[in-house]
């Protein structure tokens with residue numbers, strides 16, 4: 001791992017690292033915020049942040065104002081890029097893609113099975129396996145993890161946590177895509193990366209996953225008890241067409257899956273919305289990360 | 001005035017406006033944060049923020065995390081662009097300038113007297129006269145003002161406040177250029193915009209101004225009593241060559257000008273540094289803006 005940036009920040013340190021990823025076969029950038037407690041040598045729990053369409057590892061660390069809360073709570077923040085990048089990616093369509101919602105900046109946190117994407121676009125494995133192993137080996141991090149994200153990254157956080165409830169203590173999201181199988185952004189990405197098989201899509205669809213929990217899908221025979229917190233602005237221009245949080249609310253209610261969905265009047269899809277509520281999210285995660293969660297999933 | 005952006009943010013509203021400036025003869029962008037108190041119809045004091053080299057009206061509002069503190073304290077934040085812009089600016093050298101430290105993005109908060117800059121590069125008059133008049137006419141703002149800024153903008157804040165102590169209750173700065181006449185960035189800008197006359201330079205040099213206070217320069221016969229707060233990171237790469245805060249400290253001590261200069265160990269020149277301490281600056285300004293200042297300039 002090579003450190004490319006470091007900045008003192010709220011008594012801790014904001015760093016950016018680059019490493020050669022075995023999952024994506026590319027150099028990946030990842031931002032790591034170390035709170036004062038970690039700099040003092042104490043191992044801290046980790047909150048992973050997955051960003052949205054068009055973002056890289058910079059957006060969250062420069063715009064969310066999250067570091068102050070992580071500093072107060074003793075939480076390490078880890079924010080990876082949203083896709084592999086590079087002009088040397090196999091396949092002309094990958095290297096030169098110009099769509100904001102496909103290819104570079106739009107990995108959708110899946111393992112692609114379709115050409116030309118399959119060799120590199122493996123953000124699911126990257127976030128679930130490779131990145132935590134790297135973080136826990138190179139930084140003063142415990143194996144106590146939470147995950148959050150925005151929009152496409154909210155989709156990533158929800159699906160990754162629901163598929164791996166033993167690996168994360170809590171999951172939250174800002175304006176997530178909850179049902180990619182049912183909305184234009186998600187349908188375009190899932191068809192391109194995974195082909196036309198509905199079963200493949202369902203592996204990466206939070207609403208489909210919650211609905212399937214009661215049917216012992218993916219080995220889950222009961223609600224995960226994983227606590228979920230979602231904030232959604234009511235003035236978000238993507239709310240009706242792309243995000244549709246009510247689909248997740250209905251599915252969770254039917255499945256007995258804990259969910260706190262908060263509609264925030266007047267807020268939009270921007271980092272001004274994230275900045276306003278990220279302190280509450282980090283506080284919520286910190287209480288769970290540092291206290292454990294009870295059997296009901298309530299905190 | 002035309003509103004080009006608005007976002008709910010910490011219970012208030014972050015807006016960006018565009019207007020035709022009579023000072024610069026161009027369209028100018030200005031960011032305005034209205035705290036909840038202002039949205040409720042109460043007039044609030046205003047903190048003006050002047051950004052540094054290469055910045056426009058976006059940097060401060062997206063990266064500093066200042067809105068939360070302004071929301072708590074009931075302060076309006078106003079952050080203008082750092083120069084006139086546009087391909088139609090008179091003079092080839094202005095329109096096509098490529099230097100990061102001259103021309104567009106680098107107005108240095110002076111009224112240029114030299115060709116081809118003089119017709120448009122009038123950021124001093126813009127910030128001192130036109131902008132406050134506009135803000136106080138169009139927003140729920142009182143005439144109680146403070147001013148702050150970063151680097152080139154710290155230079156702007158200090159020189160503008162020292163020349164107009166009756167117009168501002170307090171001034172603060174992050175890593176300001178305190179003596180532009182003595183450092184490369186400042187010398188290049190002052191020579192280009194003002195020509196070679198040292199007396200012209202001294203009008204835009206905080207250290208020169210403080211030194212001159214005791215000599216009845218510019219009508220000031222005594223220290224201004226204007227409270228000054230400065231934060232400076234010790235790991236700032238520009239500290240020794242461009243910033244040199246010790247020159248201001250010495251001048252203020254000799255002149256009896258109040259100054260609190262804080263060296264912050266390990267911090268650099270970035271917005272991570274600003275974000276860490278902007279809450280303390282806004283709290284400091286707010287106490288002065290809402291309480292007035294005593295005769296000694298102490299707060």
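Chains as they are written, first to last, in the UniProt record's numbering: chain A, 1 to 299; chain B, 1 to 299. Even glycine gets a Cβ: it sits at the ideal position worked out from N, Cα and C.
Hey, could you find the ends of the alpha helix (DSSP H) residue 360(A) is sitting in?
Not covered by the structure: residue 360(A). The range shown for chain A is 1 to 299.
Selection from 2(B), 35(B), 208(B) and 194(B) that minimises the alpha carbon distance to residue 10(B)
35(B)
Please confirm if residue 150(B) has its CB atom under 8 Å from at least one CB of chain A.
no
Here's a check: name, in chain order, each residue in its chain whose Cβ is nearer than 6 Å to the Cβ of residue 23(A), leaving out the five neighbours to either side.
122, 125, 126 and 130
Closer than 7 Å by beta-carbon distance: list the chain A residues that pair up with residue 69(B), in chain order.
Within 7 Å Cβ-Cβ: nothing; residue 69(B) doesn't reach chain A, min ~11 Å.
Expressed to the nearest angstrom, what Euclidean distance is found between the alpha-carbon atoms of residue 283(A) and residue 196(B)?
56 Å
I'd like to confirm the pairing. Which residues does DSSP put opposite residue 111(B) in its beta bridges?
122(B)
Roughly how far, in whole angstroms, is the beta-carbon of residue 33(A) from the beta-carbon of residue 279(A), given that I think they are within contact range, below 8 Å?
With a Cβ gap of about 14 Å, residue 33(A) and residue 279(A) do not count as contacting.
Answer with yes or no whether the minimum CB distance from residue 192(A) to chain B is below 8 Å.
no
Would you say residue 81(B) reaches chain A, if we count a Cβ-Cβ gap shorter than 8 Å as a contact?
no
Can you tell me which residues form a DSSP beta bridge with residue 47(A)?
77(A) and 146(A)
In chain A, what lies closer than 7 Å to residue 14(B) by C-beta?
272
Which residues share a DSSP beta bridge with residue 12(A)?
9(A)
Can you pull the chain B neighbours of residue 9(A), defined as C-beta to C-beta under 9 Å?
267, 270, 272, 273, 275 and 276
If the cut-off is 8 Å on Cβ atoms, which residues from the segment 35 to 67 of chain B count as contacting chain A, listed in chain order?
62, 63, 65 and 67
Is there a Cβ of chain B sitting closer than 8 Å to that of residue 236(A), yes or no?
no
Buried or exposed: residue 51(A), going by 16 or more other Cβ atoms within 10 Å of its Cβ?
buried
Where residue 58(B) sits in the DSSP three-state scheme
helix
Would you grab the beta carbon distance between residue 169(B) and residue 144(B) for me? Rounded to a whole angstrom, and I think it's under 8 Å.
6 Å
For the alpha helix (DSSP H) holding residue 209(A), just list the boundary residues, first then last.
206 to 213
In or out: residue 63(B) buried (at least 16 other Cβ within 10 Å) or exposed?
buried
Report the residue from 157(B), 66(B) and 81(B) whose alpha carbon sits nearest the alpha carbon of residue 20(B).
81(B)
Alpha carbon to alpha carbon, how far is residue 148(B) from residue 142(A)? Give it in angstroms, no decimals.
41 Å
Rounded to whole angstroms, what is the Cα-Cα separation between residue 244(A) and residue 184(A)?
12 Å
In chain order, what residues of the same chain have a beta carbon less than 6 Å from the beta carbon of residue 221(A), not counting five sequence neighbours either side?
Note that residue 221(A) has pLDDT 48, beneath the 50 cutoff, so the model's placement of it is unreliable and the number below is only indicative. None.
Just confirm the distance between the C-beta atoms of residue 65(A) and residue 38(A), as a whole number of angstroms; I'd bet it's less than 8 Å.
No, residue 65(A) and residue 38(A) are not in contact; Cβ-Cβ is about 19 Å, not under 8 Å.
Is it buried or exposed, residue 179(B), if we count other Cβ atoms within 10 angstroms and call 16 or more buried?
buried
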